[in-house]
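Peer 1:
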Amino acid sequence: MSSGNSLCAFAPQDNEPTATDYATLDARNAHPVLDFDASTSEYAAFTGFMPRHYSNGGITISMPWAGTSGATGSVVWGAAIENLSTTSTTNLDTNSFGTATIFATDTAPTTAGLLAESTFVFGATQLDLLPTSGGAPFRLRIKRVATATGDTMSGDAEFVFCEIRET
Amino acid sequence: MAVMTTGQRRDSWQELMSEWSRERKGIPVTKDILLEGVDAIDQWISDMAGSFNSALPLALRTALTKAQKTELFIFVLRRRYNLDT
Numbered sequence: 001m002s003s004g005n006s007l008c009a010f011a012p013q014d015n016e017p018t019a020t021d022y023a024t025l026d027a028r029n030a031h032p033v034l035d036f037d038a039s040t041s042e043y044a045a046f047t048g049f050m051p052r053h054y055s056n057g058g059i060t061i062s063m064p065w066a067g068t069s070g071a072t073g074s075v076v077w078g079a080a081i082e083n084l085s086t087t088s089t090t091n092l093d094t095n096s097f098g099t100a101t102i103f104a105t106d107t108a109p110t111t112a113g114l115l116a117e118s119t120f121v122f123g124a125t126q127l128d129l130l131p132t133s134g135g136a137p138f139r140l141r142i143k144r145v146a147t148a149t150g151d152t153m154s155g156d157a158e159f160v161f162c163e164i165r166e167t
Numbered sequence: 168m169a170v171m172t173t174g175q176r177r178d179s180w181q182e183l184m185s186e187w188s189r190e191r192k193g194i195p196v197t198k199d200i201l202l203e204g205v206d207a208i209d210q211w212i213s214d215m216a217g218s219f220n221s222a223l224p225l226a227l228r229t230a231l232t233k234a235q236k237t238e239l240f241i242f243v244l245r246r247r248y249n250l251d252t
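Chains as they are written, first to last, in our numbering: chain A, 1 to 167; chain B, 168 to 252.
(1) Any contact of the segment 201 to 219 of chain B with the segment 71 to 85 of chain A, i.e. 3+ C-beta pairs under 8 Å?
(2) Quick check on the burial criterion: 16 or more other C-beta atoms within 10 angstroms. Buried or exposed for Y248(B)?
(3) Would T106(A) count as contacting chain B if we go by Cβ distances under 8 Å?
(4) Would you report the Cα separation of P64(A) and T105(A), rounded to the nearest angstrom?
(5) Measure the C-alpha to C-alpha separation of A146(A) and L84(A) and round it to an integer number of angstroms.
(6) I212(B) CB to nearest chain A CB: under 8 Å?
(7) State the Cα-Cα distance for the pair Y43(A) and C162(A), rounded to the nearest angstrom.
(8) Just list the residues that DSSP pairs L34(A) with in beta bridges.
(9) Is it buried or exposed for V243(B), if we count other Cβ within 10 angstroms and need 16 for buried?
(10) In whole angstroms, what separates the C-alpha of R228(B) from that of V170(B)?
(11) Hey, could you find the ends of the alpha helix (DSSP H) D209(B) is sitting in?
(12) Find the nearest neighbour of G4(A) within the set S55(A), S154(A), F10(A), judged by alpha-carbon distance.
(13) Out of D209(B), R245(B), V196(B), state which residue places its alpha-carbon closest to the alpha-carbon of S179(B).
(14) Quick check: L130(A) and F138(A), are their CB atoms within less than 8 Å of each other?
(15) Out of curiosity, what's the CA-to-CA distance linking R176(B) and A207(B)?
(16) A169(B) by DSSP, collapsed to three states: which one?
This is the structure we're talking about:
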């Protein structure tokens, strides 16, 4: 597959909420969003399938988001991948996201409701040993690192969508 | 009158942000500035509690409980700034 082509995408309704500290499903003018709290770090998780045309490159995740109320400051996001293929040692009873968490710190749009985009770039070795030939299920975890020093935007941050493409 | 603990102030700050987000009210300041605001207001209330009490008519001051005086203060404040919607 050529660099830059889409591999998969996730909407807020695809979230599989964690047992605790989960982002909350909400709607904004009928647009589904996931609300990430400003004071407690919260998570969203999405199970996906790496297409068989995936050619073992790195991946880039593009994630549009908005401030629910905040219109100044920044949000710190983190993303990690968990390999769910049968060649992995993942036990479903345990979270086993790869050690690589990619962080992105981005400035809030100047008006609540306008979109910003955060980007996470994973190298081929940062994907929790996903099979190089594609065809493997995986889980993507998105986190707002609300306790990070650089996370300064007041109020919730809204996940709107994300696309995974081959870098 | 003692100020709130750091934990109580943080709880207030978190609750405020959650409430304003739920109501989609714009927050044009960063988290740290908002927390400083909570701290400053709590300190001001603590500093001015005696002055507030003294400003009340004697009959009312002696008859109402602290909770009732607080409720009265909030009632007048909300009316004064048209927040009763």
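Ideal Cβ positions, reconstructed from N, Cα and C, are used throughout, including at glycine.
Peer 2: Let me lay it out:
(1) Touching, no, given that fewer than three Cβ pairs across the two stretches are closer than 8 Å.
(2) Classified as exposed, Y248(B) has fewer than 16 neighbouring CB atoms from the shown chains inside 10 Å of its CB.
(3) The displayed chain sequence assigns Asp, not Thr, to residue 106(A). It does not: the Cβ of D106(A) has no partner Cβ on chain B nearer than 8 Å.
(4) Between the C-alpha atoms of P64(A) and T105(A) there is a straight-line separation of about 13 Å.
(5) The straight-line gap separating the alpha-carbon atoms of A146(A) and L84(A) is approximately 28 Å.
(6) Not one beta carbon of chain A lies nearer than 8 Å to the beta carbon of I212(B).
(7) Rounded to the nearest whole angstrom, the CA to CA distance from Y43(A) to C162(A) is 14 Å.
(8) Under DSSP, L34(A) forms a beta bridge with L25(A), F159(A).
(9) The residue is exposed, with fewer than 16 neighbouring Cβ atoms inside 10 Å.
(10) Those two C-alpha atoms are separated by around 22 Å.
(11) In this chain, the alpha helix (DSSP H) harbouring D209(B) covers 198 to 222.
(12) Considering only alpha carbons, the answer is S55(A).
(13) With distances taken between Cα atoms, S179(B) lies closest to D209(B).
(14) Between L130(A) and F138(A), the gap from beta carbon to beta carbon is short of 8 Å.
(15) Distance from the CA of R176(B) to the CA of A207(B), rounded to the nearest whole angstrom, comes to 10 Å.
(16) It is coil, neither helix nor strand.
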